[in-house]
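Undergrad: No gaps in the numbering here: position 203 of the sequence shown is 207 in the numbering used here, and each next residue is one more.
C-beta: ideal position from N, C-alpha, C; glycine also.
Since the model is a prediction, treat every value here as computed from it, not as a measurement.
The structure under discussion is supplied below as structure tokens; questions concerning it will follow.
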Amino acid sequence: FISSVFNAKTAELISHHQVEINQSFPKEGWVEEDPKEIMQSVYECMERTCEKLCQLNIDVANIKVWLDLRTQSTVESLINKAPGRNKNHLKHKTGLPISTYFSAVKLRWLLDYVDEVHQAVLSKRAMFGTVDSWIIWCLTGGRNGGVHCTDVSNASRTMLFNIHTMDWDPELCRYFDVPMEILPKVKSSSEIYGWMKSSSLAGVPISGCLGDQSAALVGQMCFKEGQAKNTYGTGCFLLRNTGTKPVMSDHGLLTTVAYKLGKDEPACYALEGSVAIAGAVVRWLKDNMGIVQSSEEIEKLAAAAGTSYGCYFVPAFSGLYAPYWEPSARGIICGLTQFTNRNHLAFAALEAVCFQTREILDAMNQDSGVPLTQLQVDGGMTSNRLLMQLQADILCIPVVRPTMSETTALGAAMAAGAAEGVHVWSLSPCHLPHVTSENYEPQINPDESEFRFARWKKAVQKAMNWETTEPFYNTNGVRELNDCDLGCFLFHLLTTGLGRKLNSTPWGVPPTPPPTRVDP
Numbered sequence: 005f006i007s008s009v010f011n012a013k014t015a016e017l018i019s020h021h022q023v024e025i026n027q028s029f030p031k032e033g034w035v036e037e038d039p040k041e042i043m044q045s046v047y048e049c050m051e052r053t054c055e056k057l058c059q060l061n062i063d064v065a066n067i068k069v070w071l072d073l074r075t076q077s078t079v080e081s082l083i084n085k086a087p088g089r090n091k092n093h094l095k096h097k098t099g100l101p102i103s104t105y106f107s108a109v110k111l112r113w114l115l116d117y118v119d120e121v122h123q124a125v126l127s128k129r130a131m132f133g134t135v136d137s138w139i140i141w142c143l144t145g146g147r148n149g150g151v152h153c154t155d156v157s158n159a160s161r162t163m164l165f166n167i168h169t170m171d172w173d174p175e176l177c178r179y180f181d182v183p184m185e186i187l188p189k190v191k192s193s194s195e196i197y198g199w200m201k202s203s204s205l206a207g208v209p210i211s212g213c214l215g216d217q218s219a220a221l222v223g224q225m226c227f228k229e230g231q232a233k234n235t236y237g238t239g240c241f242l243l244r245n246t247g248t249k250p251v252m253s254d255h256g257l258l259t260t261v262a263y264k265l266g267k268d269e270p271a272c273y274a275l276e277g278s279v280a281i282a283g284a285v286v287r288w289l290k291d292n293m294g295i296v297q298s299s300e301e302i303e304k305l306a307a308a309a310g311t312s313y314g315c316y317f318v319p320a321f322s323g324l325y326a327p328y329w330e331p332s333a334r335g336i337i338c339g340l341t342q343f344t345n346r347n348h349l350a351f352a353a354l355e356a357v358c359f360q361t362r363e364i365l366d367a368m369n370q371d372s373g374v375p376l377t378q379l380q381v382d383g384g385m386t387s388n389r390l391l392m393q394l395q396a397d398i399l400c401i402p403v404v405r406p407t408m409s410e411t412t413a414l415g416a417a418m419a420a421g422a423a424e425g426v427h428v429w430s431l432s433p434c435h436l437p438h439v440t441s442e443n444y445e446p447q448i449n450p451d452e453s454e455f456r457f458a459r460w461k462k463a464v465q466k467a468m469n470w471e472t473t474e475p476f477y478n479t480n481g482v483r484e485l486n487d488c489d490l491g492c493f494l495f496h497l498l499t500t501g502l503g504r505k506l507n508s509t510p511w512g513v514p515p516t517p518p519p520t521r522v523d524p
């Protein structure tokens, strides 16, 4: 869970020195850091990584990336011990289903399979938290008095946090067998957590912390109940503000804490639908299939076709998230004919992003009982104008894209600047600025939209139940590999050195029982 942590001094500099001001809020083009310094750090990290791989006699060409499903067996064992094998067994407290997506499952896997982590917890040398807690801890001193804390929006995504009591839950911690003392202290999203320990910013307070999607909700200024935003990145994340009372979904959505903008302010909740693959499908078409040479090219190809020609693409590369939460699903392209070409596939890929968003929006409308009248959008993919028009057509409502595209960073800055003791700006309704935007209105007949959506849902059903973590033996009694086996094998290769010669039994030979722990 990548989180936005914002330094109060940076917010102050933005407000008073570095950019033009529009009612005390930064305008498009502002930056948190010097981009040249950031890129230099990235390049240095890449170079050091390549040097290390060379020392291990590992060819850089062997580097592969895949979506990590190692915790699927952990999820299945947790569901098996739930009454009725109900994956929503903990939802009344967490707002979440038991899934590979959330932190508690990852921590449980580490405790089970990484001996160093297990021993560190036993000897009380371990602390656990999401990325934001790690950043705050490091900036405030680390081992030398660093502050171990998180905010409510991040804590609510761990499956260890009770979204009603707004604190870690003893029963949940016992369910996952996680000691509560390793967890960070939970604070609001807008307050001073600590002060910078070193560097030229030593003594400056850190005062804003929000989960990635919560920060985008704040950056889009969706402070009213019923307002919603969708962020298009590697995945898609649609959040709808439900006010100060949590709404439990009956249609596969998550109930999460959106933000708490001050120690004495009430927490606000949201319904969230998460799509695993959005922008990642474009990267797949480019890197894996060679259908496009750049991410920008997909818009040109799709526009040249103007239709998918009956082709539907379900990019369930690592299962399906909301509203299905089905890890056994896999990607499928159907409706192909001899006339289908790469332009149609490009169009189908963009439509897939829009159809997945439609599924989540329909679920939200059913849960809330009040249909959304427009959708605010942000994220890298929103620069694709064809995608935005397709989204409006498939949703049958206007899509609104703000000219300030970096809403996640903006939301974190807003929380930091409004914190008690900082007060760079106010988040009261009368002080919120007007943001210019670009609107996309539906341009197709609603009946056509419904027809295409119905075909998409038919394709989704074809993608279901493809994989299982249970071993499969063929008629000769020989075990065959599934995706999870391959994922664990690749993980083992990466952690033991890809350049080593493997002295193991050949593929297809029944394996010996695995060790209880995996070499980290």
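Is it the case that the Cβ atoms of Gly-223 and Gly-384 are separated by a distance below 8 Å?
TA: It is not a contact, given that the beta carbons lie outside the stated cut-off.
Undergrad: Does the structure place the segment 289 to 296 close enough to the segment 249 to 256 that three or more beta carbon pairs sit under 8 Å?
TA: Not touching, per the Cβ criterion.
Undergrad: Quick check on Leu-114: does DSSP put it in helix, strand or coil?
TA: Note: Leu-114 maps to helix in three-state DSSP.
Undergrad: If you check the beta carbons only, do Leu-365 and Leu-354 fall under 8 Å apart?
TA: Going by C-beta atoms, Leu-365 is not nearer than 8 Å to Leu-354.
Undergrad: State the beta-bridge partners of Leu-242 as determined by DSSP.
TA: Leu-242 is bridged to Asn-234, Gly-277.
Undergrad: Out of curiosity, what's the CA-to-CA distance linking Asp-173 and Pro-331?
TA: So the alpha carbons of these two residues sit roughly 27 Å apart.
Undergrad: For Asp-397 and Gln-447, what's the separation of their Cα atoms in angstroms?
TA: Spanning the two alpha carbons is a distance of roughly 6 Å.
Undergrad: Using a Cβ distance threshold of 8 Å, determine whether the segment 137 to 152 contacts the segment 187 to 207, with at least three qualifying pairs required.
TA: Yes, the segment 137 to 152 is in contact with the segment 187 to 207.
Undergrad: Start and end of the alpha helix (DSSP H) containing Tyr-179?
TA: Taken as a continuous stretch (DSSP letters only), the alpha helix (DSSP H) holding Tyr-179 covers 174 to 180.
Undergrad: Under the rule that 16 or more other beta-carbon atoms within 10 Å means buried, what is Ala-308, buried or exposed?
TA: The residue is exposed, with fewer than 16 neighbouring Cβ atoms inside 10 Å.
Undergrad: Could I get the ranges of all uninterrupted beta strand (DSSP E) runs contained in the segment 197 to 225, with 3 residues as the minimum, in chain order?
TA: If we require 3 residues or more, the beta strand (DSSP E) runs fully inside the segment 197 to 225 come out as 209 to 215.
Undergrad: Relative to the alpha-carbon of Pro-319, which residue among Ala-306, Leu-349, Glu-301, Asn-90 has its alpha-carbon at the smallest distance?
TA: The option with the nearest alpha carbon to Pro-319 is Leu-349.
Undergrad: My assumption, with CB atoms under 8 Å, is that Phe-317 sits in contact with Ile-337. Please give the rounded CB distance.
TA: Rounded, the Cβ-Cβ distance is 5 Å, consistent with contact.
Undergrad: Return the chain-ordered list of same chain residues with a C-beta closer than 7 Å to the C-beta of Arg-186, the five sequence neighbours on each side being excluded.
TA: The residue you asked about is not Arg; residue 186 is Ile in the sequence shown. Counting only Cβ-Cβ distances below 7 Å, and skipping sequence neighbours, we find Val-125, Ala-130, Met-131, Phe-132.
Undergrad: Ser-218: buried (16+ other C-beta within 10 angstroms of its C-beta) or exposed?
TA: Burial call: buried.
Undergrad: Compare the beta carbon distance of Ser-193 and Ala-463 with 8 Å and say whether it is the shorter of the two.
TA: Not a contact, by the Cβ cut-off of 8 Å.
Undergrad: Look up Pro-406 in the DSSP assignment and give the residues it is bridged to.
TA: Ser-441, per the DSSP bridge assignment.
Undergrad: In terms of residue numbering, what span does the beta strand (DSSP E) encompassing Asp-136 cover?
TA: Asp-136 -> not in any beta strand (DSSP E); alpha helix (DSSP H) instead, spanning 135 to 143.
Undergrad: Using DSSP's beta-bridge definition, name the partner residues of Val-261.
TA: According to DSSP, which records beta bridges pairwise, Val-261 is partnered with Tyr-273.
Undergrad: Assuming Cys-240 and Gln-360 make a contact with CB atoms under 8 Å, what is their CB distance in whole Å?
TA: 6 Å between Cβ atoms; contact.
Undergrad: How big is the Cα-Cα spacing for Phe-106 and Thr-162?
TA: Spanning the two alpha carbons is a distance of roughly 5 Å.
Undergrad: If contacts are defined as beta-carbon pairs under 8 Å, then Val-404 and Ser-372 qualify, I think. What distance do you get, rounded to the angstrom?
TA: The Cβ separation is near 19 Å, so there is no contact.
Undergrad: Going by DSSP, what residues sit across from Gly-247 in a beta bridge?
TA: Per DSSP, Tyr-273.
Undergrad: Rounding to the nearest angstrom, what Cα-Cα distance links Gly-149 and Glu-175 in this structure?
TA: For Gly-149 and Glu-175, the distance between alpha carbons rounds to 30 Å.
Undergrad: Are three or more beta carbon pairs between the segment 279 to 289 and the segment 427 to 435 nearer than 8 Å?
TA: With a cut-off of 8 Å, the segment 427 to 435 and the segment 279 to 289 do not count as touching, because too few Cβ pairs lie within range.
Undergrad: Taking the alpha-carbon positions, what's the Glu-269 to Phe-165 distance?
TA: Taking the straight line joining both Cα atoms gives about 19 Å.
Undergrad: Return the residue from the list Val-190, Arg-178, Val-151 that minimises the CA-CA distance to Thr-169.
TA: Thr-169 has its Cα closest to that of Val-190, out of Val-190, Arg-178, Val-151.
Undergrad: Does DSSP put Gln-342 in a helix, in a strand, or in coil?
TA: The answer is coil: DSSP assigns Gln-342 none of H, G, I, E or B.
Undergrad: With 16 other CB atoms within 10 Å as the buried threshold, where does Asp-136 fall?
TA: Looking at its Cβ environment, which holds 16 or more other Cβ atoms inside 10 Å, Asp-136 is buried.
Undergrad: So the candidates are Leu-242, Gly-99, Thr-238, Gly-237; which of them puts its Cα closest to the Cα of Gly-230?
TA: Closest option to Gly-230, Cα to Cα, is Leu-242.
Undergrad: For Pro-406, which residues in the same chain have their Cβ closer than 6 Å to its Cβ, ignoring the five residues on either side in sequence?
TA: So the qualifying residues of the chain are Val-439, Ser-441.
Undergrad: So for Cys-153, helix, strand or coil by DSSP?
TA: Here Cys-153 sits in strand by DSSP.
Undergrad: Quick check on DSSP: helix, strand or coil for Lys-290?
TA: Three-state DSSP puts Lys-290 in a helix.
Undergrad: Across which residues does DSSP place Asp-382 in a beta bridge pair?
TA: In DSSP, Asp-382 forms a bridge with Thr-235.
Undergrad: Distance check for Asp-181 and Lys-128, CA to CA, integer angstroms please.
TA: Cα-Cα distance, rounded: 15 Å.
Undergrad: With a Cβ-Cβ cutoff of 8 Å, do Ile-158 and Val-381 count as a contact?
TA: Rather than Ile, the amino acid found at residue 158 in this sequence is Asn. Cβ atoms of Asn-158 and Val-381: not closer than 8 Å.
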